[in-house]
Amino acid sequence: GQQLNQSPQSMFIQEGEDVSMNCTSSSIFNTWLWYKQDPGEGPVLLIALYKAGELTSNGRLTAQFGITRKDSFLNISASIPSDVGIYFCAGSKTSYDKVIFGPGTSLSVIP
Amino acid sequence: ETGVTQTPRHLVMGMTNKKSLKCEQHLGHNAMYWYKQSAKKPLELMFVYNFKEQTENNSVPSRFSPECPNSSHLFLHLHTLQPEDSALYLCASSQASRTSGRTDTQYFGPGTRLTVL
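Protein sequence lines correspond, in order, to chains H and S. Take the first sequence: its letters are residues 1 to 111, numbered as in my numbering. Take the second sequence: its letters are residues 1001 to 1117, numbered as in my numbering.
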């Protein structure tokens, strides 16, 4: 079946550093979603992308819909301790298709 | 506050017990989902309900039985579970659209942490 790959699998950064992570697919998607999950909680939607090339920001977070439609990127600027968690990408082809989730990128921020 | 609530937050049960997980969404959505999240694995879609009708059963064992009495409530009935069923069970909801072409952006509840002894 369809799979999404996320890289890196995990990362440890110093507080204040910028973070970049990406998500790739072997299939073309028409929607990309980025979620963050804190320990013991459900995923929370951060950014939704609906158009190839689209660049959308949510505070210190910026996500881009890759122009090939097979990838997406999430950047976090000036990281803070509360950014710790697992970041999931998700994608789908149409509103009728299942949303496919990636395995997640685990982020640790060292104060 | 995500608008999707789940109870209980934690559940420990024996393999012979029968229990139910409850999900309620306060967002006016028309689609609801059950996911299973195990350690080191991607989210696994279990069931999908659109307008109270089950539209997806992702090869889930019959010891898991969903129920959707209305568009705001979703249950997952559990019986004779196995230890490998221990996981975080997440409920989500979305507003399905057949005209906008946009993906059903799903909003998740906090999950129920299930441990099967």
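Virtual Cβ for every residue (Gly too), placed ideally from N, Cα, C.
Using a C-beta cut-off of 8 angstroms, the region 101 to 109 of chain H makes no contact with the region 1006 to 1026 of chain S, since fewer than three inter-stretch Cβ pairs fall below that distance.
L33(H) is the residue among I67(H), D71(H), L33(H) and K70(H) whose C-alpha sits nearest the C-alpha of L61(H). Nearest in C-alpha terms to C1091(S), of all of A1039(S), P1042(S) and P1110(S), is P1110(S).
Neighbours of F101(H) in chain S, taken as residues at a C-beta separation under 8 angstroms, are given in chain order as P1042 and L1043. Using a Cβ-Cβ cut-off of 8 angstroms, A48(H) counts as an interface residue toward chain S, since at least one Cβ of chain S sits closer than that to its own.
Taken in chain order, the members of the region 30 to 57 of chain H whose beta-carbon sits within less than 8 angstroms of a beta-carbon on chain S are N30, T31, L33, Y35, G40, E41, G42, P43, V44, L45, A48 and Y50. Taking a Cβ-Cβ threshold of 9 angstroms, the residues of chain H close to L1090(S) are G42 and P43, in chain order. For L1027(S), the CB contacts under 8 angstroms within the same chain, skipping 5 residues up- and downstream, are G1003, V1004, S1093, Q1095 and Y1107 in chain order.
Taking 8 angstroms as the cut-off, the beta carbon of E15(H) is found no closer than this to the beta carbon of S82(H). Short of 8 angstroms from the beta carbon of L1043(S), and not among the five residues preceding or following it, lie these beta carbons of its own chain, in chain order: Y1035, K1036, Q1037 and L1090. Taking 8 angstroms as the cut-off, the beta carbon of L45(H) is found no closer than this to the beta carbon of T1112(S).
At a cut-off of 8 angstroms between beta carbons, T1115(S) makes no contact with chain H. Among the CB atoms of chain H, none fall inside 8 angstroms of the CB of Y1049(S). The C-beta distance from V84(H) to L107(H) rounds to 6 angstroms, short enough to fall under 8 angstroms.
Rounded to whole angstroms, the gap between the alpha carbons of Q1054(S) and R1063(S) is 17 angstroms. Between E17(H) and N75(H), the alpha-carbon positions lie close to 11 angstroms from each other.
One Cα belongs to I110(H), the other to S1071(S), and the distance between them is close to 43 angstroms.
Rounded to whole angstroms, S72(H) and Q3(H) show a C-alpha spacing of 14 angstroms.
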